[in-house]
Amino acid sequence: MGSQDQGGNELDVVVIGAGFAGLYMLHSLRKAGFTVRVLEAGSGIGGTWYWNRYPGARCDVQSLEYSYGFDEDLEQEWEWTEKYATQPEILAYLEHVAERFDLHRDIQLDTLVTAATFDEGTNSWTVETEAGDRLTSRFVVAATGCLSSANVPDIPGRDSFEGPTYHTGRWPHEGVDFTGQRVAVIGTGSSAVQAIPIIAEQAAELTVFQRTATYAVPAHNEPLDPELVTEVKARYREVRAANRLAMAGFGALSTLQPGGTSALEVGEDERERLLEERWQTGGLGFLGAFPDTLLSPEANEVVAEFVRAKIRSIVKDPDVAELLCPKQVIGCKRLCVDTGYYETFNRPNVRLVDISTSGIEAITPTGVRANGTDHEVDVIVFATGFDAMTGALTRIRFEGAGGRTLADAWSEGPKTYLGIGVAGLPNLFLITGPGSPSVLTNMVTSIEQHVEWITDCLTYLRAGGHERIEADPAAVEQWVAHVNGIAGFTLFPTCNSWYLGANIPGKPRVFMPLPGLGPYVAQCDAVAANGYEGFLIDAHRHAGTPLAAEAKGAEAVS
Ligand code: NAP
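Using our numbering, you'd call the opening residue of the sequence shown number 1 and step up by one each time.
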């Protein structure tokens, strides 16, 4: 089953990326007896948590849930300090995982993968790096992350600015001192919502350029109560299992049950009470007060108006408050979780510039021009997000059977089977790819489910002496229709979100993730139980492929 890298070593799998997904993929495949090399573009492991070092960066899923569940000793020994972990703490956790499972020896850092070409004669991939290295392996797993390809918008004059510019997703490791500076922040998504309150405390002046107002609910972050930690650790198996069955891969620790009655059927006082209870609890569970918040525009408006009332009560200047009140459906763009975001606009050194009508006109050598006004600044922070879900994949030239590239296959938007396989690209597996619940969930829950499914699949192929697997084009078409059908029941397609690719000019507008983790996991399990139904196994066996080589490979990994 094995192929060779440049040094003549047998490799079964090349994994691209060493974040949460790549690290566990390496560990899981190694444990199953496969030879693996992980190629990572960064100079360190950690993926998202390596790159996103902007001020205030932390996870908005509780740390006790946003952590691996695959090893009981690991989850018992690691001590999270806060309800929501900071970026440095999560990175330290991943470093600990890498050390603990001796992962570093199979990870090659500073290695940007530029291309991968499938050879139908040998049923193997040749992976090329920016430095010109080539590795050959039977399988490739793309653990490239959903939010890793930074979007720095092509605003006229962007490169003419004479001061420093930063993107939140490519933050300098040494940090940035904004003391005494006039700072522009462009964007008001999750990254900006976390960074703005902290930058505002440091900067002389902060000007926030807002294209779309955002909904943010309070985090109510706090140090973790040791009693809670002990209690959760005692029932961790149950917590992990419940999260894998849940719609969004988290929530097992919540003290609030998902609401069962429509927002339109409960009385006004009860509605207010339920929403207030969730507001006081904090976090993404806010959207769980009613079952129809993301299904019915009228129910959604009830929840949205509750948040707008909160914004109006927090922000003192009524004009600024009104600008900060979002108009779109709540939850349609990803909900933000904040600490003091709206309050920051009460500070005398913070200004909000509404660019909803005409965007930013230009970046000049000394600032940002919007609505005909030049805003002079010393520093620009782009909190402008990512080419989500597809960007990190399509920038690698994956060339599959018959010269078909991933970019060709996805010219009308991403098409996958289960979010894992792509027709025409054999032996390539995506982790949390488009068409899977992925970004609508606790990423760690979804990553673990995919890693384990892929490991089982490769073990099955090895046991059967198979060397090639690919998504059946018919199964892909059905899956794409299934994802669109489910998304179409929801309010998700109603706004210009990155879930739809709407933040990237020219990107096909397709709702990319699949709502609902629990039912999806059951589908993946059924596919595996039915002999990987919907995948073609050795369907295009090349006439010249010697079975002996296959058998030899199988020995090498057994
Ligand atoms: P984002 O949600 O895509 O936000 C980007 C912001 O930049 C939006 O306000 C967007 O406006 C604005 N923008 C983009 N292009 C622009 C342009 N040309 N001119 C002016 N404004 C522009 O990106 P993000 O904040 O980095 O977050 C991305 C995702 O990462 C989140 O949704 C979340 O899933 C994840 N994340 C999670 C956490 C957490 O766990 N706490 C923290 C950060 C990020 P429009 O809305 O009008 O497009």
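Backbone N, C-alpha and C fix where the C-beta goes; we use that ideal spot for every residue, glycine too. This structure is a prediction, so every number in the text was calculated from the model and none was measured.
Hey, would you say the C-beta of K31 is under 7 Å away from at least one heavy atom of the ligand NAP?
As a working note, residue 31 is residue 31 in the sequence shown. False, no ligand heavy atom lies under 7 Å from that Cβ.
Going by C-alpha distance, which of W125, L112, Q523, A143 is nearest A401?
Locating residue 401 in the sequence shown gives position 401, counting from the first residue. Here the closest residue by C-alpha is W125.
Within 10 angstroms of the Cβ of N561, are there 16 or more other Cβ atoms? Answer buried if so, exposed if not.
With the chain covering 1 to 558 only, the question about residue 561 has no answer from this structure.
For F290, which option in G331, S313, K316 has the closest C-alpha, if you only look at C-alpha atoms?
Here residue 290 refers to the residue found at position 290 when the sequence shown is read from its first residue. Residue G331 is the option with its Cα nearest to F290.
Expected contact under 8 Å - CB spacing of F306 and L275 to nearest Å:
Along the sequence shown, one-based indexing puts residue 306 at 306. Along the sequence shown, one-based indexing puts residue 275 at 275. Indeed, because the Cβ distance is near 5 Å, the residues count as touching under 8 Å.
Top-ranked residue by Cα proximity to R211, from G259, L323, A475
Numbered from 1 along the sequence shown, position 211 holds the residue referred to as residue 211. Minimum Cα distance to R211 is reached at L323.
Straight-line Cα distance separating P365 from P437:
The count along the sequence shown starts at 1 and reaches residue 437 at position 437. The count along the sequence shown starts at 1 and reaches residue 365 at position 365. Rounded to whole angstroms, P437 to P365 spans 42 Å at the Cα level.
For N484 and A551, the rounded distance between their alpha carbons:
Here residue 551 corresponds to residue number 551 of the sequence shown, with the count starting at 1. Here residue 484 corresponds to residue number 484 of the sequence shown, with the count starting at 1. Reliability of the predicted coordinates at A551 is poor, the pLDDT of 33 falling under 50, and the value obtained from them is presented with this limitation in mind. Computed Cα separation, rounded: 41 Å.
Regarding R347 and the ligand NAP, is the C-beta to nearest heavy atom distance less than 7 Å?
Residue mapping note: residue 347 aligns to position 347 of the sequence shown, counting from 1. No, the ligand NAP has no heavy atom inside 7 Å of this Cβ.
Sub-8 Å separation of T490 and P515 beta-carbons:
Stepping through the sequence shown from its first residue, residue 490 is reached at position 490. Stepping through the sequence shown from its first residue, residue 515 is reached at position 515. The answer is yes: Cβ separation under 8 Å.
Please determine whether the Cβ atom of S191 lies at a distance below 7 Å from any heavy atom of the ligand NAP.
The count along the sequence shown starts at 1 and reaches residue 191 at position 191. Yes, the beta carbon of S191 sits closer than 7 Å to at least one heavy atom of the ligand NAP.
Go ahead and pull the three-state DSSP assignment for A309.
Sequence index remark: in the sequence shown, residue 309 carries index 309 (1-based). A309 falls in the helix class under three-state DSSP.
Looking at the unbroken alpha helix (DSSP H) that takes in P318, where does it start and where does it end?
Here residue 318 refers to the residue found at position 318 of the sequence shown. Start and end: 318-324.
In three-state DSSP terms, what is P297?
Position 297 of the sequence shown, counted from the first residue, corresponds to residue 297. It is helical.
Entirely enclosed beta strand (DSSP E) segments - the segment 335-420, minimum 3 residues:
336-338, 350-354, 362-364, 367-370, 373-376, 379-382, 397-399
Between R509 and the rest of its own chain, which residues show a CB-CB distance below 7 Å, the 5 nearest in sequence each way excluded?
Indexing the sequence shown from 1 puts residue 509 at position 509. Within the same chain, R509 has close Cβ partners L500, G501, A502.
Within the continuous beta strand (DSSP E) that includes S124, where are the two ends?
Counting from 1 along the sequence shown, the entry for residue 124 is found at position 124. Counting along the chain, the unbroken beta strand (DSSP E) around S124 starts and ends at 124-129.
Between which two residues does the alpha helix (DSSP H) carrying R244 extend?
In the sequence shown, the residue the question calls residue 244 occupies position 244. It spans 236-245 - the alpha helix (DSSP H) in which R244 sits, taken as one unbroken run.
Considering just the uninterrupted stretch of the beta strand (DSSP E) at T165, what are its terminal residues?
Here residue 165 corresponds to residue number 165 of the sequence shown, with the count starting at 1. From DSSP, the beta strand (DSSP E) with T165 extends over 165-167.
Can you look up A539 in the DSSP assignment and give me helix, strand or coil?
As a position in the sequence shown, residue 539 is number 539, starting the count at 1. Three-state result, A539: coil.
Does DSSP classify T117 as helix, strand or coil?
Against the sequence shown, residue 117 aligns to sequence position 117. Strand at T117.
Kindly indicate the opening and closing residues of the alpha helix (DSSP H) around I196.
For this step, residue 196 is matched to residue 196 along the sequence shown. Counting along the chain, the alpha helix (DSSP H) containing I196 begins and ends at 190-202.
What are the start and end residues of the beta strand (DSSP E) that includes R182?
As a working mapping, residue 182 is identified with position 182 in the sequence shown. R182 -> beta strand (DSSP E) spans 182-186.
Note down the Cα distance separating Y341 from I314, rounded to an integer number of angstroms.
As a position in the sequence shown, residue 341 is number 341, starting the count at 1. As a position in the sequence shown, residue 314 is number 314, starting the count at 1. Distance between the alpha carbons of Y341 and I314: 10 Å.
Test item: CB-CB of L29 and V13 under 8 Å
Translated into positions along the sequence shown, residue 29 becomes position 29. Translated into positions along the sequence shown, residue 13 becomes position 13. A contact, by the Cβ cut-off of 8 Å.
What did DSSP end up calling I314 once you bin it into helix, strand or coil?
Translated into the one-based positions of the sequence shown, residue 314 becomes position 314. In the structure shown, I314 sits in a helix (DSSP, three-state: H, G or I).
Can you tell which of G433, L406, A407 has its C-alpha closest to the C-alpha of Y417?
For this step, residue 417 is matched to residue 417 along the sequence shown. Among G433, L406, A407, the Cα nearest to that of Y417 belongs to G433.
Would you call the CB atoms of A471 and A522 closer than 8 Å?
In the sequence shown, residue 471 corresponds to position 471, counting from 1. In the sequence shown, residue 522 corresponds to position 522, counting from 1. Going by C-beta atoms, A471 is not nearer than 8 Å to A522.
Kindly examine the ligand NAP and report whether one of its heavy atoms sits closer than 7 Å to the Cβ of F386.
On the sequence shown, residue 386 is found 386 positions in, with the first residue counted as 1. Checking the Cβ of F386 against the ligand NAP gives yes.
Could you spell out where the alpha helix (DSSP H) holding S262 opens and where it closes?
One-based indexing of the sequence shown puts residue 262 at position 262. Run containing S262: none; DSSP gives neither H nor E here.
So for P172, helix, strand or coil by DSSP?
Translated into the one-based positions of the sequence shown, residue 172 becomes position 172. If DSSP states are grouped into helix, strand and coil, P172 belongs with coil.
Let me know if Q194 comes out buried or exposed under the rule of 16 or more other beta-carbons within 10 Å of its beta-carbon.
To locate residue 194, count along the sequence shown from 1; it is residue 194. With 16 or more Cβ atoms within 10 Å of its Cβ, Q194 is classed as buried.
Please list the terminal residues of the continuous beta strand (DSSP E) segment that includes T81.
As a position in the sequence shown, residue 81 is number 81, starting the count at 1. Segment: none, T81 is in no beta strand (DSSP E) and carries neither H nor E.
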